[in-house]
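Visitor: Let me give you the structure first, and then I'll get to my questions.
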Amino acid sequence: MLLNFVDVFRRELSVINFRRDAIRNGMVAERRSQAASKAARHFVVDRGDAALDDTRSDPKRDTVRTEKTSNLTGIALSGGGMRSASYGLGVLQALASLSPAGTPRPLDAVDYLSTVSGGGYIGTSVVAGMMQDNRSFPFESRLDEAETPETQHLRDFSNFLAPAGAPDHLVTIALVMRGLLVNALIVLPALLLLAALTILLNPTVSDLMTPGILGFSASKLWMFSGTMKHFAHTMLLAALAALLMFGSALYTSFAFRRDTLKSREILGRALGALVALVLASAIIEIQPLVLSGMLANANDKQITSAREVIVLAQPFQDLLAAFASILPSLATVLAPTVAVLISVAQKLAKLAEASLGDGTWSAAMKKNSSRFVLYLAAVIVPFMLWIAYIYLSYWAIRKGDEWCGVETPRWLKAITHCEMDWYAHWQIWPLSRLGPIGATYLGVALALSAVCLLIGPNSNSLHRLYRDRLSRAFLMQRKTIGQKPSEAVDTWKFSSLKPFDERAGSWKEGAAFSPYLLSNAAINLEGSKDLNKRGRNADNFIFSPLHVGSQSTGYVRSKDIERVVPDLSLATAMATSGAAASANMGRQTIKILTFSLSLLNIRLGYWLANPARINAFKKGLNRWIANVGTWYFAAETAGLLNEKRLNVYLTDGGHIENLGIYELLRRRCKVILAVDAEADPALTFPSLVNLEVMARIDLGVRIDLGWQAIQANSLGITPAAPYGPGGPPGRHGPHAAIGIIKYDDDETGVLIYIKPSLSGDENDYILDYFRRYPTFPHETTVDQFFTEEQFEAYRALGFHAARGLLTGADNFGKPAAAPEGWDSQVAQALALLNVPASMAAAIVAHLQAQPDQTTHAAPPRINQPPPPKAN
C-alpha cells in the first residue's frame, strides 16, 4: 500500500516512543550492564512522548506539525566520503565521551540519525554495531582505555577501496573492463543497425556517389544543381520550415482573437520538430560524402571513374579525402584522452560555475577554458562511436555486383565468406542490397539485442563492487567471547533494525537498541514532466527501517519492497546513499556529459523498484520488464529518468541535499546536531546555503546560523602560521555554530552545527599534517584511499571540535538576532542531548558573552572540567 508522509511519520513516532520508554524503564541499560558486568543505568531525560498534532497536519499536502512538547532530537552526518566518515567518527566519539559511567548517555537521547554518503558509512556502522552484543556504542574512545576492536577495524580499512593492495586493484580493473565490454556489446547492435541501414541505401560505390535514397532523389528537381544535389532533401525541408515560419507569423497577426496559449504552444513545438528534422536530414546526407572521401583514397580505377559523377567542388572532395585519411590515427589519439577529460570533468564544472560572478579577465579565462574542455569531453565518446559506424559502413560498400566491400578487412571477409558465390542466389529485397556483410551486421545486431535483454539494471554497474568494499570496511561483526557470531551484517535487511511482532501488535525488544536511521539518497528525475523538478532534477529519497520512498513516488513499507527486491539490504542502502560518481547526479548533473559517462560505465547508482508501482510487480510480465537492464541503461544514458517507470534511479544523497538535515527539518526536530564535513576549502558553506533555500521553499522553515565566525577565524590559519595571527597556543574555536530553526513564528528549534576547521589550538600531529597537506581539512573527496595518518588527523579533529564545543571550552558562532529566552532554549536543547549540566552552563555563558569576546577568547569557565584533549 502506498503511503504519504504523515502515515510514515506517525509510524516512526510509534517506534521512537517505544525506544524512549524502553530506555527510561532501564530495559536497554540492563542488557548493556549484563554484557559489561556493570550496574550502571543509562537513561534519557523524561521528554514525554513524541506526537503528531493532527489538528495542524494535512495528509493531502504531506505537511506535518508535531506537538511542541514532543522534543524530537536528531544527528545529521553529511556527505564527503572517507573524510566525512573519519571526521564524523571523531564527533560521535566526543559525544559519547561526555557521559561518565552511570550518567545519561547522549546517544540514548538521539531519536533520529540522518546520514548522507560518507556520513552514512559511519552512521550505518554505528547503528549496526548497536544492534549487536551488548548494544553499546561500538567506537568508545577514552584516554584511560585502549581502542575498541571496532575502531581498530575502521583504521585497518581506512583505505576501504583497496585495503588488500594489488589484489583489490586487479579485481577493480577486471570489473571496470567487464563493464566497458558489456556496454560496448549493448551499443554495438545500434551501430550495426545504422551501418546496415547505410548499406541498404548505398550498397555500391555508384549508389554512394550518386545523390538519392533507394533510387529516388529530390536532386532531380530543376532547382538543384552542383553541390546542392547532395543536400536536396535538407534544402526542401529547410524551405518548408521557412514557409511554415512565415505562415505562422501571418497566422498570429490575423488570428489574434482566436489565438490561445495551447495553440501557440502546439505551433511552437511543431516548428521546433521541423528544425530538428532539418538538422537530422543534413546529418544523414553528409554520411555518403564522408564515405566517398574515404573511398577516394582507394587505388581503384572503377572507384576513380565513379567519382566523376560526384558533383561536389574539387576543394571539398580533397578536404573529405584528407579528413578520411586521418580517422584511424585520430581514433587512436582520442581513446586515452577520454579517461583524462572525464576524470576532471566534475572539477572543471565546479570551476566554471564558481567563476560566473567574477568579472575579471582571469575568471573569464577559467570559465571559458573549463567550458571548452567540458564540451570537448562530451564530444569525444560520440565522435568515436561515429568513427566506428563509418568504418563498419565503409568495409561493406561494394564495387558493382561483387559481394565483398571495397576495403573489407581480411578478418571480416573470413567471417562473412563474402568471396564465395553462395550468396548469389539470395535476390530477395533487402538482402540483395545488403550483401553478405550487411546481412551479417543485421543478424549479429538482432542476436546481440536478444542477449542484452538478459542483462539486469544493476548487473553491469560498479554499484556492487562499491557496496562490497563498504560492507567489508563498515559492517563489521562484533565479537564477544563465549557468544556465537550472529548473521553476517552485510546481509541484514533495513527492516531488521526495528523488528515488529505482527501477531502481538507490538515492537520487539530490538527496536529500542539504536536511533532511527534515515539513509538519504537522491531519486533522479531529469526527465520528469513535473515542472517543479526541472530545476533540481531530483528529489530526496529515504531508506529507513520502516519505510522506503520519496515525496515524488510516495512511500511503502520496507518489508514490502524487500520482498520485491531481495538484493535490497542495509549495505545496498549505504552504498546507494554514497553513489557520488554517476552520469546522472540530480542537481549536479553535467547534462552534456551524461551520454559519455554512462558509456564509460561511471555508474555507482542503483536501480530500485519504484515504490509508486510496487503492486505492478505482482504481474509476471512487469517483473520481467523491470529486469531488462538495456532499456534502463538507455534511459540512464539519455537522461530520461522520471518517477513513472517500474524502476527509479538512485544516487548519492548529496546530489540533492548533502547535509542530511532536510529530513530532520521535515520531522520538525527540536534539536539537530549537524556535522558538515563536505569539501569546502573556501568555507563558503554551499551545502548549508542550498539547505536554507530548499527548507524555505519546501517546508517554510528558516535558519539563522552565524557560520561566518567559523569562516573568518579558520581562513586566518595557514601552514606558515598554524597557530593563527596571535601565535601559540591558538584560539579556542570556533569550530561550530549554534543557530535558530524557525519552524513558525511561535515554534523554533536549535541547530548545533560542526564544521571541519582549524583554530590553532589543535594537537601537534593535526597541525603537522596541515603543514604538509595545506588542503586539510578539506582534501578532495576523490581521495578515498586514506592512510592511517590521514584517518587519524580527521578523526582527532572531529573529536577536538565536538568535545571543545560540548564541554563549553570553545567559542562558537551565534545567530544574528537571538529571540527572547534563547539562552534557556539552548540550555533545554543541551539537556535533551544529555549534555552534563556543568558543560551546558559553560556553553550558555558563551551565548551571554560580548561579540568581541566570542571571537578572541573563551569566557570564564563555570564549574567546568579541564580543557579536553584530543585522544
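Residue numbers (UniProt numbering): 1 to 871.
Note that beta-carbon positions come from the ideal geometry of N, C-alpha and C, so glycine has one too.
All values reported here derive from a predicted model rather than from experimental measurement.
Quick check on the burial criterion: 16 or more other C-beta atoms within 10 angstroms. Buried or exposed for Leu279?
Guide: Along the sequence shown, one-based indexing puts residue 279 at 279. Burial call: exposed.
Visitor: Counting C-beta neighbours from all protein chains within 10 Å, is the total for Val91 16 or more, i.e. buried, or is it exposed?
Guide: Start at 1 with the first residue of the sequence shown, and residue 91 comes out as number 91. It is buried - the Cβ of Val91 has at least 16 other Cβ atoms within 10 Å.
Visitor: Quick one: using the 10 Å Cβ neighbour count with 16 as the cut-off for buried, is Asn540 buried or exposed?
Guide: Against the sequence shown, residue 540 aligns to sequence position 540. Buried, by the Cβ-count rule.
Visitor: Please say whether Pro436 and His463 have beta carbons closer to each other than 8 Å?
Guide: The count along the sequence shown starts at 1 and reaches residue 463 at position 463. The count along the sequence shown starts at 1 and reaches residue 436 at position 436. No, Cβ-Cβ distance for His463 and Pro436 is not below 8 Å.
Visitor: Which of the three DSSP states is assigned to Thr594 in this structure?
Guide: The residue labelled residue 594 in the question sits at position 594 within the sequence shown. If DSSP states are grouped into helix, strand and coil, Thr594 belongs with the helices.
Visitor: Given this structure, state the Cα-to-Cα distance separating Leu847 from Lys814, to the nearest angstrom.
Guide: Locating residue 847 in the sequence shown gives position 847, counting from the first residue. Locating residue 814 in the sequence shown gives position 814, counting from the first residue. Rounded to the nearest angstrom, the two C-alpha atoms are 7 Å apart.
Visitor: Using alpha carbons as the reference points, say which of Gly120, Asp21, Asn17, Asp7 lies closest to Val675.
Guide: As a first step, residue 675 must be located in the sequence shown, where it is residue number 675. Closest by alpha carbon: Gly120.
Visitor: Keeping to the same chain, check which residues put their C-beta closer than 6 Å to that of Ala388; ignore five residues upstream and five downstream.
Guide: Residue numbering aside, residue 388 sits at position 388 when the sequence shown is read from its first letter. The residues are Leu191.
Visitor: My output table needs one value for Ile380: the three-state DSSP class, helix, strand or coil.
Guide: Here the question's residue 380 lines up with position 380 in the sequence shown. Ile380: helix per DSSP, three-state reduction.
Visitor: State the Cα-Cα distance for the pair Ala313 and Met235, rounded to the nearest angstrom.
Guide: For this step, residue 313 is matched to residue 313 along the sequence shown. For this step, residue 235 is matched to residue 235 along the sequence shown. Confidence at Ala313 is low in this model, with a pLDDT of 45, below 50, so the placement of that residue is unreliable and no value is reported for it.
Visitor: Can you list, in chain order, the residues of its chain whose CB lies under 7 Å from that of residue 884, leaving out five sequence neighbours each side?
Guide: Past the boundaries of the shown model lies residue 884; the chain is included only from 1 to 871, so the question cannot be answered.
Visitor: Distance check for Val8 and Met245, CA to CA, integer angstroms please.
Guide: Residue numbering aside, residue 245 sits at position 245 when the sequence shown is read from its first letter. Residue numbering aside, residue 8 sits at position 8 when the sequence shown is read from its first letter. Between Met245 and Val8, the C-alpha separation is close to 53 Å.
Visitor: Quick one: grab the DSSP three-state call for Val648.
Guide: The residue labelled residue 648 in the question sits at position 648 within the sequence shown. The answer is strand: DSSP assigns Val648 an E or B state.
Visitor: If you follow the beta strand (DSSP E) that Ala522 is in, where does it begin and where does it stop?
Guide: On the sequence shown, position 522 is the one that residue 522 refers to. Here the beta strand (DSSP E) through Ala522 covers 516-524.
Visitor: Can you tell me which of the three DSSP states Leu3 falls into?
Guide: Indexing the sequence shown from 1 puts residue 3 at position 3. If DSSP states are grouped into helix, strand and coil, Leu3 belongs with the strands.
Visitor: Note down the Cα distance separating Ile703 from Ala571, rounded to an integer number of angstroms.
Guide: Your numbering for residue 703 matches position 703 in the sequence shown. Your numbering for residue 571 matches position 571 in the sequence shown. In a straight line, the C-alpha of Ile703 is about 33 Å away from that of Ala571.
Visitor: Could you tell me the alpha carbon to alpha carbon distance between Arg667 and Gly749, rounded to whole angstroms?
Guide: Indexing the sequence shown from 1 puts residue 667 at position 667. Indexing the sequence shown from 1 puts residue 749 at position 749. Answer to the nearest angstrom: the Cα atoms are 12 Å apart.
Visitor: Considering only residues of the same chain and omitting the five flanking positions on each side of Gly510, which have a CB-CB separation below 7 Å?
Guide: Taking the sequence shown and counting its residues from 1, one reaches residue 510 at position 510. Around Gly510: Met131, Pro499.
Visitor: Taking 8 Å as the cut-off, decide whether the C-beta atoms of Ile16 and Ala50 are in contact.
Guide: What you label residue 16 is simply residue 16 of the sequence shown in a count that begins at 1. What you label residue 50 is simply residue 50 of the sequence shown in a count that begins at 1. Their beta carbons are under 8 Å apart, which means Ile16 touches Ala50 by this criterion.
Visitor: Can you look up His547 in the DSSP assignment and give me helix, strand or coil?
Guide: Start at 1 with the first residue of the sequence shown, and residue 547 comes out as number 547. Of the three classes helix, strand and coil, the one that applies to His547 here is strand, per DSSP.
Visitor: Enumerate in chain order the residues of its own chain whose CB-to-CB distance from Leu2 is below 6 Å, with the five nearest sequence positions on each side excluded.
Guide: Sequence index remark: in the sequence shown, residue 2 carries index 2 (1-based). So the qualifying residues of the chain are Gly554.
Visitor: Between which residues of its own chain and Leu640 is the CB-CB distance below 7 Å, once the five residues before and five after are set aside?
Guide: For the purposes of this step, residue 640 is taken as the residue at position 640 of the sequence shown. For Leu640, where only same-chain residues beyond five positions count, the Cβ hits under 7 Å are Gly527.
Visitor: Start and end of the beta strand (DSSP E) containing Lys742?
Guide: As a first step, residue 742 must be located in the sequence shown, where it is residue number 742. Segment 736-744, the beta strand (DSSP E) holding Lys742.
Visitor: Quick check: the Cα distance between Val693 and Leu659, rounded to an integer number of angstroms?
Guide: The residue you call residue 693 lines up with position 693 of the sequence shown. The residue you call residue 659 lines up with position 659 of the sequence shown. C-alpha separation (whole angstroms): 13 Å.
Visitor: Whole angstroms are fine: how far does the CA of Pro722 sit from the CA of Phe18?
Guide: Taking the sequence shown and counting its residues from 1, one reaches residue 18 at position 18. Taking the sequence shown and counting its residues from 1, one reaches residue 722 at position 722. So the two alpha carbons sit approximately 49 Å from each other.
Visitor: Can you name the start and end residues of the beta strand (DSSP E) that Thr748 belongs to?
Guide: Within the sequence shown, residue 748 is the residue found at index 748, counting from 1. Element bounds for Thr748: 747-754.
Visitor: My output table needs one value for Arg667: the three-state DSSP class, helix, strand or coil.
Guide: If you number the sequence shown from 1, residue 667 lands on position 667. If DSSP states are grouped into helix, strand and coil, Arg667 belongs with coil.
Visitor: State buried or exposed for Val689, treating a residue as buried only when at least 16 other CB atoms are found within 10 Å of its CB.
Guide: Residue 689 sits at position 689 when you count from the first residue of the sequence shown. Looking at its Cβ environment, which holds fewer than 16 other Cβ atoms inside 10 Å, Val689 is exposed.
Visitor: For the stretch 74-147, list the beta strand (DSSP E) runs that are entirely contained and at least 3 residues long, ordered along the chain.
Guide: With a minimum length of 3 residues, the continuous beta strand (DSSP E) runs that stay inside the stretch 74-147 are 112-116.
Visitor: Here's a check: name, in chain order, each residue in its chain whose Cβ is nearer than 7 Å to the Cβ of Leu767, leaving out the five neighbours to either side.
Guide: On the sequence shown, position 767 is the one that residue 767 refers to. Pro722.
Visitor: Count Cβ pairs between the stretch 773-789 and the stretch 807-824 that sit closer than 8 Å; are there 3 or more?
Guide: Taking 8 Å as the limit for Cβ pairs, the verdict is that the stretch 807-824 does not touch the stretch 773-789.
Visitor: What are the boundary residues of the alpha helix (DSSP H) that includes Ile173?
Guide: Mapped onto the sequence shown, residue 173 falls at position 173. Residues 166-201.
Visitor: Going by beta carbon distance, what residues of the same chain come within less than 7 Å of Asn622, once the five residues before and after it are set aside?
Guide: Along the sequence shown, one-based indexing puts residue 622 at 622. These residues qualify, in order along the chain: Ala616, Leu646.
Visitor: In terms of residues, what are the limits of the beta strand (DSSP E) holding Ala609?
Guide: Taking the sequence shown and counting its residues from 1, the one referred to as residue 609 is at position 609. It spans 606-609 - the beta strand (DSSP E) in which Ala609 sits, taken as one unbroken run.
Visitor: Could you name the residues of the same chain whose beta carbon sits closer than 6 Å to that of Met223, not counting the 5 residues immediately before and after it, in chain order?
Guide: Residue mapping note: residue 223 aligns to position 223 of the sequence shown, counting from 1. In this prediction, Met223 has a pLDDT of 49, which is less than 50 and means its spatial position is unreliable; nothing more can be read from the coordinates.
Visitor: In chain order, what residues of the same chain have a beta carbon less than 7 Å from the beta carbon of Ile614, not counting five sequence neighbours either side?
Guide: By 1-based counting over the sequence shown, the position of residue 614 is 614. Hits under 7 Å: Val556, Asp560, Ile561, Val564.
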